[in-house]
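Q:
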Amino acid sequence: MKKLTYIFIVLLASVVAHAQNDPFQIHLQPVTIDNLPGLQAYAGGQHDGKWLVLGGRIDGLHRRQPWATFNPDGRHTNIIVVDPVNGKTWTAPLTALSVPLQDQLSSTNMEFHQEGNFLYLVGGYGHSETVGSKVTYAMLTAVDVAGVMSAIEKGENIAPFFRTLTDTRFAVTGGHLNKIYDTYYLVGGQKFDGNYNPMNHPTFTQEYTNAIRTFKMEDDGSTLKVTHLATITDTLAFHRRDYNVAAQILPGGEEGLMSFSGPFQLTADLPYLNVVSVDQEGYHIVPAFAQYFNNYHCAVMPMYAADADQMHTVFFGGIAQYYIENGQLVQDSDVPFVKTIARVTRDAQGHMTEYKLPQEMPGYLGASAEFIPLPSVPKYANGVIKLDELTGDTIHVGYIYGGIESTAANIFWINEGTESVAHPTVYKVYVTRSQTTALQELNAQSNNGLQMQIYPNPNEGIFNILFQLKNSSAVTLTITDEGGKVVLKEDLSDQTAVGFNSIEKKFKPFKIGGVYFVTLTTKDTSATQKIIVKE
């Protein structure tokens with residue numbers, strides 16, 4: 004039998020307690036709402052303190068077998084109205100709508116954005132009764148939120164409150180629909196048709212957009228008109244899906260977006276760690292920063308402190324390549340479910356840093372969940388919470404609903420459909436302004452500029468090293484064993500260039516079960532990763 008060698012990587016000196024005053028802490032309080040199903044990867048809006056929930060799936064993590072993955076039985080085929088204050092729900096089936104509209108509104112990973120009373124839904128992936136197979140829907144649908152919620156509560160016809168148009172440019176799933184001032188931004192995502200399998204057998208076609216598709220929309224409540232604008236294409240920046248994009252207040256108070264880390268790299272089944280700042284003038288990859296935590300779509304809460312000109316984006320659990328264990332940053336190339344609550348902060352000078360909060364999710368939760376802010380919380384026009392205007396010590400700012408609940412960190416290769424579920428519990432989210440003894444942990448590797456990753460799949464002593472160079476520099480690779488003996492030392496300068504670098508090295512013979520330390524050194528910085536080779 005062939006031996007499988009697995010690699011776990013511990014990043015040394017990467018996480019330190021944050022000695023300065025932390026700007027806030029987070030507290031979660033579970034809430035049970037009767038008859039509210041577990042749901043993940045859904046779309047939603049709100050009106051008058053109630054939620055409108057549609058789309059998504061009622062099962063857990065998708066299975067890997069083509070015949071079982073994204074089973075039609077796991078579709079969410081109802082529309083739900085939720086009153087979180089009084090713990091009530093109302094439900095209506097999609098059957099009153101046309102079959103094409105039923106198809107889209109039961110899909111997973113639609114992009115969505117609410118503007119006033121209208122909720123706009125783009126794309127989504129699922130089983131099409133019209134086509135007879137799984138597709139990404141080339142549709143834009145407008146929902147009259149107040150109208151359909153009232154109809155559902157009264158048991159009336161919901162059909163008059165939906166309008167839809169077909170456009171191939173909206174055939175996107177797993178991206179994000181956001182708005183900067185009067186322009187809509189469809190960021191990232193993919194067009195995926197057919198039955199998923201992880202081995203790239205020909206059961207599907209997949210095309211990342213690698214782009215931001217911009218457009219304007221006119222909607223008077225009866226006529227929906229779309230004017231397509233520029234498509235901004237950049238494979239390194241936008242080749243990602245099922246990830247997080249959040250509204251931001253940029254330096255100077257302008258509206259913008261941040262496209263955060265996400266899967267998958269072109270050359271490896273690993274998430275990109277870089278992040279991309281988007282504004283009305285264009286975009287740029289943020290230099291010298293990498294987001295190590297919360298790489299997949301999870302509940303996200305953006306808050307801006309105007310007095311300090313600090314933008315904080317909080318991420319709740321989900322799936323990530325990195326997590327903290329015993330005070331150390333650990334890399335797991337299987338990209339497991341995590342409990343991490345983290346924040347990414349942009350300071351007044353434009354520098355970004357990542358912190359792990361002492362609070363964690365109460366389980367392997369958060370993937371494909373949503374944060375739903377309270378209507379009463381002070382916010383900017385783009386939905387970012389005004390942190391300075393939160394009054395009191397502990398403030399209820401919103402809820403987290405849904406997502407995947409996993410029984411263990413790594414279940415993908417053993418998943419038979421019972422190892423995870425769609426999570427039904429709602430959590431109240433509180434922001435606490437007073438200082439506590441529990442310090443947030445600075446991830447020092449997040450802003451050292453190298454963005455170093457080492458990934459093996461099950462291996463026989465071959466390592467792939469990914470890193471960034473922001474300036475021209477000599478680069479030295481050093482590998483030592485647990486006793487400090489240098490196994491390899493090599494000048495990589497003739498193999499590297501400014502920008503993204505990927506180098507494959509064979510280091511043999513390795514001792515199965517041995518511990519090695521891989522160090523990259525440039526003129527500006529260095530990073531070391533501890534590699535444990537396990538049989």
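Take 4 as the starting number for the sequence shown in our numbering and just add one per residue.
All C-beta atoms, glycine included, are put in the ideal place defined by N, C-alpha and C.
Just the Cα atoms here: how many angstroms apart are residue 247 and residue 275?
A: The residue given as residue 247 occupies position 244 in the sequence shown. The residue given as residue 275 occupies position 272 in the sequence shown. Each residue's alpha carbon lies about 12 angstroms from the other.
Q: Could you check what DSSP says for residue 103 in three-state terms: helix, strand or coil?
A: Counting from one through the sequence shown, the residue named residue 103 turns up at place 100. In the structure shown, residue 103 sits in a helix (DSSP, three-state: H, G or I).
Q: Could you tell me the distance, in whole angstroms, from the CA atom of residue 343 to the CA atom of residue 94?
A: For the purposes of this step, residue 343 is taken as residue 340 along the sequence shown, with counting starting at 1. For the purposes of this step, residue 94 is taken as residue 91 along the sequence shown, with counting starting at 1. So the two alpha carbons sit approximately 33 angstroms from each other.
Q: Give me the Cα-Cα distance between residue 469 and residue 47, rounded to the nearest whole angstrom.
A: For the purposes of this step, residue 469 is taken as the residue at position 466 of the sequence shown. For the purposes of this step, residue 47 is taken as the residue at position 44 of the sequence shown. In a straight line, the C-alpha of residue 469 is about 38 angstroms away from that of residue 47.
Q: Using the Cα positions of residue 461 and residue 426, report the straight-line distance between them to the nearest angstrom.
A: Here residue 461 is taken as the residue at index 458 of the sequence shown, counted from 1. Here residue 426 is taken as the residue at index 423 of the sequence shown, counted from 1. Annotation note: pLDDT 39 at residue 461 (below 50); position unreliable, coordinate value reported separately. Computed Cα separation, rounded: 32 angstroms.
Q: Whose C-alpha, out of 293, 481, 309, is nearest the C-alpha of residue 450?
A: As a working mapping, residue 450 is identified with position 447 in the sequence shown. Residue 450 has its Cα closest to that of 293, out of 293, 481, 309.
Q: Cβ atoms of residue 482 and residue 532: under 8 angstroms apart, would you say?
A: By one-based count along the sequence shown, residue 532 stands at place 529. By one-based count along the sequence shown, residue 482 stands at place 479. Their beta carbons are not under 8 angstroms apart, which means residue 532 does not touch residue 482 by this criterion.
Q: With DSSP run on the structure shown, which of helix, strand or coil describes residue 461?
A: Indexing the sequence shown from 1 puts residue 461 at position 458. Any reading at residue 461 must be qualified, since the residue scores a pLDDT of 39, below 50, and its modelled position is unreliable; no value is offered.
Q: In its own chain, which residues sit with a C-beta less than 7 angstroms from the C-beta of residue 230, not counting the 5 before and 5 after it?
A: For the purposes of this step, residue 230 is taken as the residue at position 227 of the sequence shown. Hits under 7 angstroms: 218, 219.
Q: From 527, 303, 336, 387, pick the residue whose C-alpha is nearest to that of residue 371; which is it?
A: Position 368 of the sequence shown, counted from the first residue, corresponds to residue 371. It is 303.
Q: Using a threshold of 8 angstroms, state whether the C-beta atoms of residue 187 and residue 283 are closer than that.
A: Position 184 of the sequence shown, counted from the first residue, corresponds to residue 187. Position 280 of the sequence shown, counted from the first residue, corresponds to residue 283. Not closer than 8 angstroms, so no.
Q: Which ranges does the alpha helix (DSSP H) cover as unbroken runs of at least 4 residues, wholly within the stretch 326-370, from first to last along the chain?
A: none
Q: With distances taken Cα to Cα, identify the nearest neighbour of residue 125 among 244, 137, 135, 145.
A: Numbered from its first residue, the sequence shown carries residue 125 at position 122. Among 244, 137, 135, 145, the Cα nearest to that of residue 125 is on 145.
Q: Cα separation between residue 401 and residue 26?
A: Translated into positions along the sequence shown, residue 401 becomes position 398. Translated into positions along the sequence shown, residue 26 becomes position 23. The alpha-carbon atoms of residue 401 and residue 26 are separated by roughly 18 angstroms.
Q: For residue 244 versus residue 321, is the C-beta spacing smaller than 8 angstroms?
A: Within the sequence shown, numbered from 1, the residue matching residue 244 stands at position 241. Within the sequence shown, numbered from 1, the residue matching residue 321 stands at position 318. Going by C-beta atoms, residue 244 is not nearer than 8 angstroms to residue 321.
Q: DSSP beta-bridge partners for residue 222?
A: Counting from 1 along the sequence shown, the entry for residue 222 is found at position 219. In the DSSP output, where bridge partners are listed per residue, residue 222 has 227.
Q: What does a CB cutoff of less than 6 angstroms around residue 305 pick up in its chain, not counting 5 residues either side in sequence?
A: Taking the sequence shown and counting its residues from 1, the one referred to as residue 305 is at position 302. Around residue 305: 249, 250, 316, 387.
Q: On a Cα-Cα basis, can you pick out the residue from 298, 341, 99, 167 that is closest to residue 367?
A: On the sequence shown, position 364 is the one that residue 367 refers to. It is 341 whose Cα lies nearest to the Cα of residue 367.
Q: Going by beta-carbon coordinates alone, are residue 384 and residue 448 separated by less than 8 angstroms?
A: Here residue 384 refers to the residue found at position 381 when the sequence shown is read from its first residue. Here residue 448 refers to the residue found at position 445 when the sequence shown is read from its first residue. It is not a contact, given that the beta carbons lie outside the stated cut-off.
Q: Comparing alpha-carbon positions, which option in 77, 51, 154 lies nearest residue 45?
A: On the sequence shown, residue 45 is found 42 positions in, with the first residue counted as 1. Among 77, 51, 154, the Cα nearest to that of residue 45 belongs to 77.
Q: Do you know whose CA, among 162, 150, 365, 313, lies nearest residue 346's CA?
A: Reading the sequence shown from its first residue, position 343 is the one you call residue 346. Out of 162, 150, 365, 313, 313 has the C-alpha closest to the C-alpha of residue 346.
Q: Are at least three pairs of beta-carbons, each pair with one atom in the stretch 192-201 and one in the stretch 135-143, less than 8 angstroms apart?
A: The stretch 192-201 is in contact with the stretch 135-143.
Q: Can you name, in chain order, every residue of its own chain whose Cβ lies under 7 angstroms from the Cβ of residue 180, other than the five neighbours on each side?
A: Mapped onto the sequence shown, residue 180 falls at position 177. Result list for residue 180: 114, 115, 116, 123, 125, 187, 189, in chain order.
Q: Which residue marks the beginning of the beta strand (DSSP E) containing residue 156, and which one marks its end?
A: The residue given as residue 156 occupies position 153 in the sequence shown. No beta strand (DSSP E) holds residue 156; the alpha helix (DSSP H) holding it covers 148-157.
Q: Residue 502 to residue 200, Cα distance in whole Å?
A: Translated into the one-based positions of the sequence shown, residue 502 becomes position 499. Translated into the one-based positions of the sequence shown, residue 200 becomes position 197. Those two C-alpha atoms are separated by around 32 angstroms.
Q: What does residue 2 pair with, by DSSP beta-bridge criteria?
A: The chain is shown only over 4 to 538; residue 2 falls outside these bounds and no answer can be derived.
Q: When DSSP labels each residue in this structure, what does residue 450 get in the three-state scheme?
A: Here residue 450 is taken as the residue at index 447 of the sequence shown, counted from 1. If DSSP states are grouped into helix, strand and coil, residue 450 belongs with the helices.
Q: When DSSP builds the beta bridges, which residues end up paired with residue 410?
A: By 1-based counting over the sequence shown, the position of residue 410 is 407. Answer is none; residue 410 lacks a bridge partner.
Q: On the three-state DSSP scale, how would you describe residue 392?
A: Position 389 of the sequence shown holds residue 392. The three-state secondary structure of residue 392, taken from DSSP, is helix.
Q: Along the beta strand (DSSP E) that carries residue 250, what are the first and last residues, could you check?
A: As a working note, residue 250 is residue 247 in the sequence shown. Residue 250 -> beta strand (DSSP E) spans 248-252.
Q: Assuming residue 260 and residue 281 are in contact, meaning their beta carbons sit under 8 angstroms apart, how far apart are those beta carbons, in whole angstroms?
A: In the sequence shown, residue 260 corresponds to position 257, counting from 1. In the sequence shown, residue 281 corresponds to position 278, counting from 1. At roughly 4 angstroms, the Cβ-Cβ gap stays under 8 angstroms, so residue 260 and residue 281 are in contact.
Q: Looking at the structure shown, is residue 4 part of a helix, part of a strand, or coil, going by DSSP?
A: Here residue 4 is taken as the residue at index 1 of the sequence shown, counted from 1. Because the pLDDT of residue 4 is 34, which lies under 50, any placement of that residue in the model is unreliable, and the number read from its coordinates should be weighed accordingly. Of the three classes helix, strand and coil, the one that applies to residue 4 here is coil, per DSSP.
Q: Under the three-state reduction of DSSP, which class applies to residue 76: helix, strand or coil?
A: The residue given as residue 76 occupies position 73 in the sequence shown. Residue 76 falls in the helix class under three-state DSSP.
Q: Measuring alpha carbon to alpha carbon, tell me which residue in 363, 29, 225, 57 is nearest residue 1.
A: In the structure as shown, the chain starts at 4 and stops at 538, and residue 1 therefore has no counterpart that could be examined.
Q: So, is residue 38 buried or exposed, given that buried needs 16 or more other C-beta atoms within 10 angstroms?
A: Here residue 38 corresponds to residue number 35 of the sequence shown, with the count starting at 1. So residue 38 counts as exposed.
Q: Are there 16 or more other CB atoms within 10 angstroms of the CB of residue 255, so buried, or fewer, so exposed?
A: Stepping through the sequence shown from its first residue, residue 255 is reached at position 252. Classification of residue 255: exposed, given that the 10 Å Cβ count is below 16.
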